[in-house]
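Peer 1: Numbering (the numbering used here), first residue to last: 256 to 1469.
1. Can at least three beta-carbon pairs, one atom from the region 1031-1038 and one from the region 1059-1069, be found at a separation below 8 Å?
2. May I ask you to report which of helix, strand or coil DSSP gives residue 1141?
3. Report the partner residues of residue 1524 according to the DSSP bridge assignment.
4. Under 8 Å from any heavy atom of the ligand PLP, does the C-beta of residue 1230 make it?
5. Give me, in chain order, the residues of the same chain whose beta-carbon lies closer than 6 Å to that of residue 1018; leave out the 5 immediate sequence neighbours on both sides.
6. With burial defined as no fewer than 16 other Cβ atoms inside 10 Å of the residue's Cβ, what is the status of residue 514: buried or exposed?
7. Are there 16 or more other CB atoms within 10 angstroms of the CB of residue 950, so buried, or fewer, so exposed?
8. What does the alpha-carbon distance come out to for the pair residue 717 and residue 637?
9. Are the C-beta atoms of residue 1302 and some chain C residue less than 9 Å apart?
10. If I follow the unbroken alpha helix (DSSP H) through residue 1257, where does it start and stop?
11. CB residue 924 to CB residue 992, shorter than 9 Å?
12. What does residue 1027 pair with, by DSSP beta-bridge criteria?
13. So, is residue 1332 buried or exposed, given that buried needs 16 or more other C-beta atoms within 10 angstroms?
14. Using 9 Å as the threshold, is the C-beta distance between residue 249 and residue 909 below it?
15. Kindly list the residues whose CB is nearer than 7 Å to the CB of residue 828, restricted to its own chain and excluding five residues on each side of it in sequence; keep chain order.
16. In terms of residue numbering, what span does the alpha helix (DSSP H) encompassing residue 356 cover?
17. Starting from residue 407, follow its DSSP beta bridges and name the residues at the other end.
18. Tell me which residues share the same chain as residue 983 and place their Cβ nearer than 8 Å to its Cβ, disregarding the 5 neighbours each side in the sequence.
19. Which of the three DSSP states, helix, strand or coil, is assigned to residue 1377?
20. Kindly indicate the opening and closing residues of the alpha helix (DSSP H) around residue 1151.
21. Grab the span of the alpha helix (DSSP H) containing residue 1536 for me, first residue to last.
22. How would you label residue 967, buried or exposed, when you count the other beta carbons within 10 angstroms and need 16 or more for buried?
23. Beta carbon of residue 943, beta carbon of residue 957: below 9 Å?
24. Could you work out which residue in 484, 500, 659 is closest to residue 517 when comparing CA atoms only?
25. Less than 9 Å between the C-beta atoms of residue 856 and residue 1166, yes or no?
26. Three or more C-beta pairs under 8 Å: does that hold for the region 577-592 against the region 623-637?
27. In terms of alpha-carbon separation, which member of 1268, 1278, 1284 lies closest to residue 1260?
28. What do you reckon, are the CB atoms on residue 1208 and residue 1128 nearer than 9 Å?
29. Tell me whether residue 204 sits in a helix, a strand or coil according to DSSP, three-state version.
30. Would you report the Cα separation of residue 689 and residue 740, rounded to the nearest angstrom?
31. In terms of alpha-carbon separation, which member of 645, 658, 682, 683 lies closest to residue 665?
32. For residue 1130 and residue 1214, I'd like the C-alpha separation in whole angstroms.
33. Which partner residues of residue 551 appear in the DSSP bridge assignment?
34. I need the straight-line Cα distance from residue 733 to residue 699, nearest angstrom please.
35. For residue 1355 and residue 1343, what's the separation of their Cα atoms in angstroms?
36. Which residue comes first and which comes last in the alpha helix (DSSP H) that contains residue 511?
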C-alpha cells in the first residue's frame, strides 16, 4: 500500500501557521513601515542548512521547523485477483464489456478512482485511490463483483453471536468491510449456531479467524444464575444499591438483580470464572444469614399514604433500610390491600415501624369547596395567583378537577393547612365580588356573535371586563356563560341578547354564483370584497370553502341591505359573465409569430384595441388554437383581425358546409379523434363545428383552397355514411408499426382506403391508448380494410434478419449525430434494427432485423441514401459576410427551412472579426518579397474572401435550388426622399414610430444623423418587403404633411383684452363655459394668472428655426426690458465660466485610464541580492525630475508639479 499527500491552498495556510510570528512582523505595516519596507530575509526566511549531525538534523533551525507535518488525505491500495478467481476472463475485451462497466459503477458509487492492469499470469491488478473510507468500500465492491465467490460456515456457541454483531451491528459491518466478505448470522429464533461467510478464499479465512477469536474471548467468561427469594433482594442490593456495587467493584463481576416491579427471583452473575465464584459465595452468605435472622410484622397504613412511605423514586424506603436495616414491602398499586410488611431483625423492627408511620403521616390530603367556574380566577392569568402560594410552599400539590366544585391540596400537613386558609380566603373574596350568568342563544348565531376574527366578542370582553364562554360548534349547545363583575355581567348579557334578537330578525339569502368567479369577486388580497363590505357594512358575506366546490354565497343582514347587496353582486356577476365570453380561433402554427409580431407588437395592439385577453399556445405545443376572452362583440372583433392577418399571409379559403347538428358529435368522435384525422390528412385544415345546443347546422372549413375542397368531400362523405349506415371496428397494433402502415406521405394507408372505401384513424400522440386503430365505413368496406390491415400487421410480427453491403466510406453518414439517420429509418419502417460494423473494422456488412416488409423497405431507403451520397456535390455560394446573420434568421430558422426543403447541407464560414486591410504591404526578407506576399500578388484581386463563401453539399440540382434560395435572402437597400423636418416625427417618441414600421414590414429603416441634415432615408430588407415598406413610409409622410398643414392653420393667435373682473363669468362654474367655447370652436383659450402683472412669457427657438439665436420675450414693456437684461447677464456669466473651465482643463490631472498605464510600484523589499548600486540610480532619477521643474512659478504650474510628483509616488523625497 502506498500513500499520496494532497496539499490544498487551505491546508498549506493551516500548516504554515508555524510562521505566524514572522508573518505578523511582515504583515502588520504601519505608516513608518510603508516608508521603510521589510528586508529580504524577513519576507523570505531561508531554508535550514544541511545538518552536520543527526541531532541537528532532527531539529532544523529557522521558521520552517515550526511547520506541522502534512497528513495524507488520499491513499492508494493495489488488489490482485488471480486468473482462477476472475469472474470475467475474456482476454480479447480487456478494458471493455461488463468488467469495465462494473468498475465505472464502483467509481460512481464510492468516489474512489480505479485503474485496471493485466499481469503476465493473466491475473487482474486493480489500483484504488481515494479517501480511506472510499477505498475500503471500493475494495468490498471489487471482491463481490469482479472475483468469484466461495462460501464457508463457522460454528460458535449461540450466545456468542451477539458479540460478533456488536452494538447496533457496528462490529459486524466493520468485520465485513475489513475482510471484504458477506457474513450471515442466524436470527435469534433460529436454533442454528452456524455462521455463513461468502467471499474470496483469503477473505473467508480472515473473517473465520476473527469470529473464532471473538468466541474464544467469550469462552473465558462465565454466566451463573442464583435463585433468591424476592423479599431478600433489598438486603442483597443494600441501601441505594451500595452493597451490590461494592461486591461488583471488588470481584469485577457483573451482578443483575431484577427491579422490584418485575416478579423474578433469579439473580444473574457474569464475569471471569474465579471472580464470579467469589461474588456468588458472598451473595449466598448474605441470603442465608438474612433468612435465619429476620422476622416480619404487618401494619395497616391507608392506601393514600403508601406513596409517602415509598417516597420519590423509592427514596423513603431506601432511607428506612439504611437507618434501620429493615426492608418495607408495599402492596402493588393495583391491589386494594392496605397491609404494609416490615422485614428485619427483631430488635430493629420497632424503630422501622416508627419511621414508616412518620413518613405516612408527614403528608396530608385536604380539599376546599369552590365553584368550578371560579377555578380559573383562582389560578389567575398564566397561573399568577396560584404561583404565589406554590412559591411559599413548594411541597404542596394543588389539583383542580374540571366539573367538580372542589380543589384538592396535598403535601406536608403544616404547609397544606396554610395553603388551605389562603385559598379559602381567595374563594370567599371572589364569590363576593364576582358573578356569572348563563343565557340561551341559538348556536347558529354564535359565530355571528363572535364576529370576524373574534372582533365582536373581544370588544364586549374588553368593554365590560367580563369573560364570555361560547361552546364550540361541534357541541351544538345553545348555552353561553358570562362571568365577571356583576355590573359588567349584566351589561354584557343585555348586549348579547340584543345582538341575538337582531340576528333573529335578520334575513339570510343564498346567492348562486359560479365558483370560477369567486376569486375574481374577492379580488387580490381581498380588495374587491372589502369594497363591497364597506359599501354594505351591515351585511355579512360568506363564500364557501374552495375545497367544497360550492356555488352558494351566503348574505346575512337587515332585509333591505341584503336585497341591495344582492342586486349589486348580481350586476357584478353579469358583467363578469359578459366579460368572460371565450372563443377559440384555430390559426396555422407557422403564422403565430406573425400574429405576435416583433417584440409582441401586433398581439399587444389587438389586445389593447379590442379590450380582450388573448392566449396563444406555447411554442413547443402542438396546439394551433388561440383563445380570446372578453365581451362577445370584442372577442368577435379580435377574431376577425387575427383571421385577416392569416388571410393576408397565406392563400386561405373559408367554406361553410351544412351538416345536420345531430351528426356533429359522431363526426367529431371521442375526444375529437375522427375530425382530427380528417384535418391532419387534408394538410392541417381547420374544421369548426358550432357550439353544442346552438341548433346550427353550419360547419366551417378554413385552409388552403385545395385542402379545403378535399376536407369538404371527406366530411360530406363521412356524414352521408353516418346517416345511412355506419360500422366501426377497433384494431390493435404496436405503435412502432403505425408509421410503416401509414407509409411515406400516407401512401400505404391511402392505398387501403382507395381499395376498400373505409376510413382508418390512427391514434395521435395525445391519446392514452397508443395501439388502438379505428376503422369506419360500411360493414363490407370495414371488414375488407380490417382483413388487409391484419395481414400487414401479421407480416410485421414475423421478424427476420437480413444483411446488405454498404461501402465503409458511407458508414459515418449513418452513425454520426448519435445515429440520427438510423433512428429516422427505425421510426419510419416499423422499428427495424440496423447494425453497422464497429469503427476501425474494415467490414462492409450491415445487418437489418425486423418485420420482413420493414426490412425490405429499410434496405431500399438505405440504397436511396447511398445513391444520394454518391451523387453528392459541393458548390460555393458567395455572399458578403455582413449579410450572413440576416440570411440565417432568428435562431437559424431560415437556414433550417432551406436544408429541410432542398435536402442539402449548408456550412457558413468562420466569422472574420478583424479583417486585414487590402492595402497592407507584403513582408520582405533580405530585400525580397516573402512567399506569402508573392502568392498574394499572384492572386486575383477580384476573387472572393474566404469569410464570404458558403458551402452547399447535396445533389447538384438541389444545391443549385438552395443557392438561389440563399441569394434571394440577401437584403437589398433602397432610398426614399423624406423632408428632413419630418424625420423626428417618423422616428416617434423614443423610437416607437420607426420600430413599429420595421416590425410591420420586416425591414431595417435607417434615418440619417441630425447633423447631416439629409433628406434620404435608407430601407434595407428582402426585395419582397421593400416595396411595401417604401409605400408605407411615403403614406406616413403624407399623413405628417397633412398634420403640419393642419397645425399651421391652427397656429393663428389673437389677443383680446378683457377686464379681469369678468374672467370668472367667462370661465364659468368649474370651467363649464370656457370648456364649451373651446370644444365648439376647436380653439385653445388661455387666461392670465391672478398675479400675472409682473410676469413675462419667454419662448426659445425650436430646433430647425431660421434664426436659432432668437429668444422671444412677451409682456409689459418694463418687465420685458428687465427680463432681457437678466437673460443677457446670465449669458455673460455662463460664457465666463466656459472660458475659465477651458483654461483650467490644461492643468487638470490626466484621466484614470491614462493613470492606470503608469507602471505599478509593486512589492518592495530592502537588502535584496539584486539591489546593489540601485540607490545611486534612484538619486540621479530624482535629480533629473528636480531640474525639470525648476522654472515653474504660477499657482497653476505649482499644482501641475504636485500632480507629477503624486503620480510617481516621489512626493516625500522631492
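Glycine residues also receive a C-beta, built at the ideal position from the N, C-alpha and C atoms.
Peer 2: Let's see:
1. The region 1059-1069 and the region 1031-1038 do not touch, with fewer than three beta-carbon pairs separated by less than 8 Å.
2. On the chain shown, residue 1141 is found 886 positions in, with the first residue counted as 1. It is helical.
3. The requested residue 1524 does not occur in the structure, where the chain is confined to residues 256 to 1469.
4. The ligand PLP is not among the ligands present in this structure, which contains no ligands whatsoever.
5. For this step, residue 1018 is matched to residue 763 along the chain shown. Excluding residues up to 5 positions away in sequence, 1025, 1027 lie with their Cβ nearer than 6 Å to the Cβ of residue 1018 in the same chain.
6. One-based indexing of the chain shown puts residue 514 at position 259. It counts as exposed.
7. Residue 950 sits at position 695 when you count from the first residue of the chain shown. Counting Cβ neighbours within 10 Å, residue 950 comes out exposed, since fewer than 16 surround it.
8. Reading the chain shown from its first residue, position 462 is the one you call residue 717. Reading the chain shown from its first residue, position 382 is the one you call residue 637. Rounded to whole angstroms, the gap between the alpha carbons of residue 717 and residue 637 is 18 Å.
9. In the structure shown, chain C cannot be found, because there is only a single protein chain.
10. Position 1002 of the chain shown, counted from the first residue, corresponds to residue 1257. Unbroken run through residue 1257: none, as it is neither H nor E.
11. Along the chain shown, one-based indexing puts residue 924 at 669. Along the chain shown, one-based indexing puts residue 992 at 737. Result no, Cβ atoms of residue 924 and residue 992 do not sit closer than 9 Å.
12. What you label residue 1027 is simply residue 772 of the chain shown in a count that begins at 1. The partner list for residue 1027 (beta bridge, DSSP) reads 987.
13. The count along the chain shown starts at 1 and reaches residue 1332 at position 1077. Within 10 angstroms of the beta-carbon of residue 1332 lie fewer than 16 other beta-carbons, which makes it exposed.
14. Since the first residue of the chain shown is 256 and the last is 1469, residue 249 is not available in this structure.
15. Your numbering for residue 828 matches position 573 in the chain shown. Sequence-distant Cβ neighbours of residue 828 in its own chain, meaning closer than 7 Å and more than five residues away, are 768, 772.
16. For the purposes of this step, residue 356 is identified with residue 101 of the chain shown, where counting begins at 1. Segment 352-365, the alpha helix (DSSP H) holding residue 356.
17. The residue you call residue 407 lines up with position 152 of the chain shown. Partner residues in the beta bridge of residue 407, as assigned by DSSP, are 452.
18. By one-based count along the chain shown, residue 983 stands at place 728. For residue 983, where only same-chain residues beyond five positions count, the Cβ hits under 8 Å are 1029, 1030, 1031, 1037.
19. Indexing the chain shown from 1 puts residue 1377 at position 1122. Here residue 1377 carries a helix assignment [DSSP, helix/strand/coil].
20. On the chain shown, residue 1151 is found 896 positions in, with the first residue counted as 1. Run containing residue 1151: 1148-1157, per the alpha helix (DSSP H) assignment.
21. In the structure displayed, the chain extends from 256 to 1469; residue 1536 sits before or after that span and is not available.
22. Residue 967 sits at position 712 when you count from the first residue of the chain shown. When all chains shown are included, residue 967 counts as buried.
23. Working through the chain shown from its first residue, we reach residue 943 at position 688. Working through the chain shown from its first residue, we reach residue 957 at position 702. It is a contact, given that the beta carbons lie within the stated cut-off.
24. On the chain shown, residue 517 is found 262 positions in, with the first residue counted as 1. Nearest option by C-alpha distance: 484.
25. In the chain shown, residue 856 corresponds to position 601, counting from 1. In the chain shown, residue 1166 corresponds to position 911, counting from 1. Their beta carbons are not under 9 Å apart, which means residue 856 does not touch residue 1166 by this criterion.
26. No, because fewer than three Cβ pairs between the region 577-592 and the region 623-637 fall closer than 8 Å, the two stretches do not touch.
27. Position 1005 of the chain shown, counted from the start, is the residue given in the question as residue 1260. Closest option to residue 1260, Cα to Cα, is 1284.
28. Here residue 1208 is taken as the residue at index 953 of the chain shown, counted from 1. Here residue 1128 is taken as the residue at index 873 of the chain shown, counted from 1. A Cβ-Cβ contact shorter than 9 Å links residue 1208 with residue 1128.
29. Residue 204 is absent from the model: the chain starts at 256 and stops at 1469.
30. Here the question's residue 689 lines up with position 434 in the chain shown. Here the question's residue 740 lines up with position 485 in the chain shown. Cα-Cα distance, rounded: 5 Å.
31. Counting from 1 along the chain shown, the entry for residue 665 is found at position 410. That would be 645, whose Cα lies nearest to the Cα of residue 665.
32. One-based indexing of the chain shown puts residue 1130 at position 875. One-based indexing of the chain shown puts residue 1214 at position 959. If you take the alpha carbons of residue 1130 and residue 1214, they lie about 7 Å apart.
33. Locating residue 551 in the chain shown gives position 296, counting from the first residue. In the DSSP output, where bridge partners are listed per residue, residue 551 has 598.
34. Along the chain shown, read from residue 1 onward, the residue named residue 733 stands at position 478. Along the chain shown, read from residue 1 onward, the residue named residue 699 stands at position 444. Residue 733 and residue 699 have their C-alpha atoms spaced approximately 9 Å apart.
35. The residue given as residue 1355 occupies position 1100 in the chain shown. The residue given as residue 1343 occupies position 1088 in the chain shown. Computed Cα separation, rounded: 20 Å.
36. On the chain shown, position 256 is the one that residue 511 refers to. For residue 511, no alpha helix (DSSP H) encloses it; the enclosing beta strand (DSSP E) starts and ends at 509-511.
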